[in-house]
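Undergrad: In full-length UniProt numbering, the protein residues as written are 1 to 407. In this text, a Cβ means the ideal position worked out from N, Cα and C, and glycines have one as well.
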């Protein structure tokens, strides 16, 4: 997304000398996508960003998956994953549990009460939806304050950490890509500006503060041996994913300035302007982001169809090319009444199975003018498999709800 930003102290010309008040050179780092052929930013460090004093293995949580076979729609209750007693010792990085995943995207859930270690995802971008709670995401670019309803988009290889604030747990729904995540191309001009028909624009994005220096952000991971940075990367583990801990001699938050078009940002779901129509609009009307082989949509409170014979709930549809994952985060989801689904639920409707409203939902919706519902949807174009967290909270009976609840 070519939305140029500048923070802190940078030289007048790129790739030229930039010195501190004592004449010491800063170290310029190019952080760029697609080699040198796409969006990038230049960051100016006080210390050499490549310096490492030790490496060791980070034993990742279980990233194994099980095929959805025999094929069935599934209901998962995410709020049953972490008890009220357990979240206080968890963080939003190492506490993630894999719900669903494939070779393009992995969906994790975490409930956090502790500050995470410094972390960098070297596999792909992350789009983390904050279901509840509040916190600060400290990054090498600067800080982002986050809260309920925020999407936090973090580019690949951005060093950052999550710090919960307040007394309630921080609940996060982490969508980890094997690619980049960006606004849909159809919302953007050929130069990257949001177009007039887009349901959100640059004004809605919250950007990092001025970069924080090491003196302002030391944290518990800094000691006599150096600073630990947890890295998720391609490797020999389950799903081709491995973890490594780098020990670096200086805190990574040593950036004095940066500029460019690549950086983390926040977008709140309440700032999404829903597109409505005379008859029911298909899911692409609700799209908010896209990655390689998947899209992210959101369903927000909105006026619904105004044709005199409109049926406001979705028509039955077969996902010929995709699996559909819906995370129910607020309101009252009209089409799913009677299925046991509530806030904190996930449904997986796999390709090859026709799905739609629960019995009676079509009739109940007739004449409705407004839906008070809030959900985050991920559609994938390769089949999703079930992670250990998904298996742990599968209700085992959702598939039979259209037929009266009998197996």
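Considering just the uninterrupted stretch of the alpha helix (DSSP H) at residue 388, what are its terminal residues?
TA: Run containing residue 388: 388–392, per the alpha helix (DSSP H) assignment.
Undergrad: Under a Cβ-count criterion, where at least 16 other Cβ atoms within 10 Å of its own Cβ denotes burial, should residue 101 be classed as buried or exposed?
TA: The residue in question, residue 101, is buried, as its Cβ has 16 or more Cβ neighbours within 10 Å.
Undergrad: Does the count of Cβ pairs from the stretch 318–326 and the stretch 372–388 closer than 8 angstroms reach three?
TA: They touch, by the three-pair rule.
Undergrad: Under the rule that 16 or more other beta-carbon atoms within 10 Å means buried, what is residue 63, buried or exposed?
TA: Buried: at least 16 other Cβ atoms inside 10 Å.
Undergrad: Around the C-beta of residue 336, are 16 or more other C-beta atoms found within 10 angstroms, so that it is buried, or is it exposed?
TA: When all chains shown are included, residue 336 counts as buried.
Undergrad: Please go through the same chain and pick out, in chain order, the residues whose beta-carbon is closer than 6 angstroms to the beta-carbon of residue 279, but skip the five residues on each side of it.
TA: Hits under 6 angstroms: 305, 307, 310.
Undergrad: In three-state terms, what does DSSP make of residue 118?
TA: Note: residue 118 maps to strand in three-state DSSP.
Undergrad: Give the straight-line distance between the Cα atoms of residue 151 and residue 204, rounded to the nearest whole angstrom.
TA: Straight-line Cα distance between these residues: approximately 11 angstroms.
Undergrad: Classify residue 191 as helix, strand or coil using the three-state DSSP reduction.
TA: Of the three classes helix, strand and coil, the one that applies to residue 191 here is coil, per DSSP.
Undergrad: Our contact map puts residue 61 next to residue 96 with C-beta atoms below 8 angstroms; I'd like the distance itself, whole angstroms only.
TA: Between residue 96 and residue 61 the Cβ distance is about 7 angstroms, and since that is below 8 angstroms, they are a contact.
Undergrad: Considering only the beta carbon of each residue, do residue 260 and residue 50 sit closer than 7 angstroms?
TA: No, the Cβ-Cβ distance between residue 260 and residue 50 is not below 7 angstroms.
Undergrad: At 4 residues or longer, what runs of the alpha helix (DSSP H) sit wholly inside the UniProt domain "Homogentisate 1,2-dioxygenase C-terminal" (293–403)?
TA: Listed in chain order, the complete alpha helix (DSSP H) runs (minimum 4 residues) inside the UniProt domain "Homogentisate 1,2-dioxygenase C-terminal" (293–403) are 361–365, 388–392.
Undergrad: Under three-state DSSP, which class holds residue 177?
TA: Residue 177 falls in the strand class under three-state DSSP.
Undergrad: Tell me which residues share the same chain as residue 19 and place their Cβ nearer than 6 angstroms to its Cβ, disregarding the 5 neighbours each side in the sequence.
TA: Result list for residue 19: 25, in chain order.
Undergrad: With 16 other CB atoms within 10 Å as the buried threshold, where does residue 328 fall?
TA: Buried is the call here.
Undergrad: Helix or strand or just coil, what does DSSP make of residue 232?
TA: Correct three-state label for residue 232: strand.
Undergrad: At what residues does the beta strand (DSSP E) containing residue 37 begin and finish?
TA: Neither: residue 37 is in no beta strand (DSSP E) and is coded neither H nor E.
Undergrad: For residue 124 versus residue 182, is the C-beta distance shorter than 7 angstroms?
TA: Going by C-beta atoms, residue 124 is not nearer than 7 angstroms to residue 182.
Undergrad: Let's see if you can read the secondary structure: which residues bound the beta strand (DSSP E) around residue 164?
TA: 160–165 is the extent of the beta strand (DSSP E) around residue 164.
Undergrad: Is residue 197 buried or exposed, if buried means 16 or more other CB atoms sit within 10 Å of its CB?
TA: With fewer than 16 other Cβ atoms within 10 Å, it is exposed.
Undergrad: Please report the residue range of the beta strand (DSSP E) in which residue 138 lies.
TA: Run containing residue 138: 134–139, per the beta strand (DSSP E) assignment.
Undergrad: Determine the DSSP secondary structure at residue 186, reduced to helix, strand or coil.
TA: Helix at residue 186.
Undergrad: Pull up the CB-CB distance for residue 268 and residue 344, whole angstroms please, since I reckon it's below 8 angstroms.
TA: Not really, about 20 angstroms apart at Cβ, beyond 8 angstroms.
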